[in-house]
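Protein chains in written order, with the numbering used here: chain A, 264 to 312; chain B, 14 to 303.
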Ligand code: SF4
Ligand code: SF4
């Protein structure tokens, strides 16, 4: 198999895996876990600790 | 400023504005807490920036890994892989506010400007160590501590400064940790006056992550070796010190397109890659192989 085909196959597999992971995360409610952290000022980030 | 750079800076600026559109936050010393905050942006953009409307992917990743009860970060990792697979380091070239900040600093005249030096190449590995150690291993072992955010991230320090300007309560709480982070930020600012994007080249874990995808991402750089006359113009204009004729897939390439513009023969192409026209990678010319 030629290199470009291999790259395209890797890309397809990676994209499929990414979409599955995103859905799995959404089902687990991980978007709201991200929200919980992101909606409050992160003391570590801004250097308070 | 070259035309290509102007256009790219315009895209970077526009994207930074869109993803930091909570303008009133800058005056009120507060952050946005609406529903968009559950979506990670592709670039390094602290979620505690008063303007940020999205979440930082690197911060979110550490949040999951450093939870008391370990949770595999399906959602954040999925988003990061998705961005990487489509764009690779196009994100760095076009969609990262911290990349933009460094590029603007690079435009300021400074007595020393040095982009190519001996230690450059080995130093590029540091960002992979930071990704593994400070974003994955340490946060997962020291619970509740996002090590990269807390001790390194300059985007968070900028957010701290912006918040402190209009929020006296927060300003009063800044102490030794903030001083440490300020020193790192200052070093990066001064470094950016001398070297093109030092944080991206040596320290950024997000850049390290996307670098892995540059080899097979949908948007790629390709070189038509049948057209290339080996004049070296492309590699001499590359501020990331890549030779695109040898390693167009280099993880160091931020897909800025400067080399494409510089090529007199039209041998380079940056975009959705349909055909691989890459040169063999075992050449002797100095370049980044990864
Ligand atoms: S390397 Fe990091 S800071 Fe630089 S542009 Fe990429 S994501 Fe942004
Ligand atoms: S190789 Fe070309 S596209 Fe990549 S960083 Fe260098 S000049 Fe920009």
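Glycine included, every Cβ here is placed at the ideal spot set by N, Cα and C.
Computed from a predicted model, the values in this text were never measured in an experiment.
Close-in-space but distant-in-sequence residues of the same chain around residue i (CB under 7 Å, 5 per side omitted)
{"i": "residue 184(B)", "result": "177"}
{"i": "residue 105(B)", "result": "112, 213, 220, 223 and 267"}
{"i": "residue 76(B)", "result": "159"}
The alpha helix (DSSP H) enclosing residue i, as first and last residue numbers
{"i": "residue 106(B)", "result": "103-107"}
{"i": "residue 26(B)", "result": "16-32"}
{"i": "residue 164(B)", "result": "160-164"}
{"i": "residue 173(B)", "result": "167-179"}
{"i": "residue 61(B)", "result": "Where residue 61(B) is concerned, there is no enclosing alpha helix (DSSP H), given that its DSSP letter is neither H nor E."}
{"i": "residue 38(B)", "result": "36-41"}
{"i": "residue 299(A)", "result": "293-301"}
Residue j beta carbon less than 8 Å from that of residue i
{"i": "residue 73(B)", "j": "residue 89(B)", "result": "yes"}
{"i": "residue 64(B)", "j": "residue 34(B)", "result": "yes"}
{"i": "residue 101(B)", "j": "residue 215(B)", "result": "no"}
{"i": "residue 206(B)", "j": "residue 121(B)", "result": "yes"}
{"i": "residue 298(A)", "j": "residue 25(B)", "result": "no"}
{"i": "residue 301(A)", "j": "residue 68(B)", "result": "yes"}
{"i": "residue 218(B)", "j": "residue 147(B)", "result": "yes"}
{"i": "residue 81(B)", "j": "residue 157(B)", "result": "yes"}
Beta carbon proximity, residue i to chain A, threshold 8 Å
{"i": "residue 159(B)", "result": "yes"}
{"i": "residue 94(B)", "result": "yes"}
{"i": "residue 361(B)", "result": "Absent from the model: residue 361(B). The displayed extent of chain B is 14 to 303, so no value can be given."}
{"i": "residue 304(B)", "result": "Outside the displayed range of chain B (14 to 303) lies residue 304(B), so it cannot be described from this structure."}
{"i": "residue 238(B)", "result": "no"}
{"i": "residue 59(B)", "result": "yes"}
{"i": "residue 249(B)", "result": "no"}
{"i": "residue 46(B)", "result": "yes"}
{"i": "residue 281(B)", "result": "no"}
{"i": "residue 258(B)", "result": "no"}
{"i": "residue 219(B)", "result": "no"}
Boundaries of the beta strand (DSSP E) in which residue i is found, first to last residue
{"i": "residue 284(B)", "result": "281-285"}
Contact with chain B by residue i, beta-carbon distance below 8 Å
{"i": "residue 280(A)", "result": "yes"}
{"i": "residue 264(A)", "result": "Reliability of the predicted coordinates at residue 264(A) is poor, the pLDDT of 47 falling under 50, and the value obtained from them is presented with this limitation in mind. For residue 264(A), the answer is no, since every Cβ of chain B falls outside 8 Å of its Cβ."}
Contact set for residue i: own chain, Cβ-Cβ below 6 Å, skip 5 residues either direction
{"i": "residue 12(B)", "result": "Given a span of 14 to 303 for chain B in the structure shown, any question on residue 12(B) remains unanswerable."}
Cutoff 8 Å; reference residue i; Cβ partners in own chain excluding five residues on either side
{"i": "residue 127(B)", "result": "207 and 208"}
Notebook entry, point to check: Hey, which unbroken runs of the alpha helix (DSSP H) at 4 residues or more fall wholly within the segment 193-266 of chain B?
Noted result: 218-224 and 246-250
Checklist line | Whole runs of the beta strand (DSSP E) within the segment 73-154 of chain B, excluding any shorter than 3 residues | finding: none
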